[in-house]
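Each remark here refers to the structure printed beneath this line.
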Ligand code: B4P
């Protein structure tokens, strides 16, 4: 099973992808986690992206694509993957289509978690990660509307995009995703 989870920051992408991947025995590929790992290890790439993430802006496409390609290559031979946080703009979506067609892989489902902005701000302030300050959250939401919402339209032209209400409790969202994946 190869799945893409789209949604605003704080919509529950990471939360749901982690649970679902564990249950289904597939690889969870989170662009945010890969970038944060690079920052924690103080690699050259990590130092390059730290300030960008702190400001709530998107990291350059070629930097993230490299990490995603490595993770997809690593997951070859597994039962599949769940992509969380990638693609985040139409150019990344195009690049992913190219990589998947080269690897002869297909996308089985695209899920879009929809949550209103006030709920998102409330959730992320509670989490309190380094990029979860009110100003940065507002920037990330603007970036999402401008850059990532067009990705939903990109996929609607190619696949069935399943919209799920991400404002429900974590378990309810998980059940809704599972019903869809098992169908
Ligand atoms: P991400 O790591 O993707 O961070 P995120 O959008 O905030 O979502 P995340 O998955 O972590 O959180 P979730 O909604 O599950 O990106 C961070 C930064 O990395 C970006 O701003 C950007 O700079 C960079 N980046 C990443 N990918 C990139 C790309 N492709 N291109 C360029 N740059 C990129 O959960 C949030 C909180 O809500 C948690 O505390 C959780 O417990 C809570 N929660 C979740 N579901 C809930 C529910 N149903 N009810 C109540 N609380 C819930």
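Residue numbers (the working numbering): 12 to 194.
C-beta: ideal position from N, C-alpha, C; glycine also.
Nothing here was measured: the structure is a model prediction, and the numbers come from that model.
- Placement of the Cβ of residue 142 at a distance of less than 7 angstroms from at least one heavy atom of the ligand B4P is found.
- DSSP places residue 99 in the coil class of the three-state scheme, outside both helix and strand.
- When distances are taken from the beta-carbon of residue 149 to the heavy atoms of the ligand B4P, even the shortest one reaches 7 angstroms or more.
- Within 7 angstroms of the C-beta of residue 24 there is at least one heavy atom belonging to the ligand B4P.
- Unbroken alpha helix (DSSP H) stretches of 4 residues or longer found wholly inside the stretch 84 to 133: 101 to 113, given in chain order.
- For the ligand B4P, no non-hydrogen atom lies closer than 7 angstroms to the CB of residue 58.
- With a threshold of 7 angstroms, the Cβ atom of residue 49 does not count as near the ligand B4P, since no heavy atom of the ligand is closer than that.
- Placement of the Cβ of residue 80 at a distance of 7 angstroms or more from every heavy atom of the ligand B4P is found.
- Residue 138 sits in a helix when the DSSP states are folded into three classes.
- Distances from the CB of residue 34 to the heavy atoms of the ligand B4P are all 7 angstroms or more.
- Buried is the label assigned to residue 27, since at least 16 other Cβ atoms lie within 10 Å of its Cβ.
- Secondary structure at residue 168: coil, using DSSP grouped into helix, strand and coil.
- One thing to note: residue 78 has its Cβ no nearer than 8 angstroms to the Cβ of residue 154.
- A straight-line Cα-Cα distance of about 14 angstroms links residue 94 and residue 172.
- Out of 66, 181, 193 and 55, the CA that lies nearest to the CA of residue 124 is found in 181.
- Of the residues assessed, residue 53 falls on the exposed side of the cut-off, its CB having fewer than 16 other CB atoms within 10 angstroms.
- Around the Cβ of residue 106, a 10 Å sphere holds 16 or more other Cβ atoms; the residue is buried.
- When beta bridges are read from the DSSP output, residue 16 appears opposite 95 and 122.
- Under the criterion of beta carbons closer than 8 angstroms, residue 132 and residue 145 qualify as touching, at roughly 7 angstroms.
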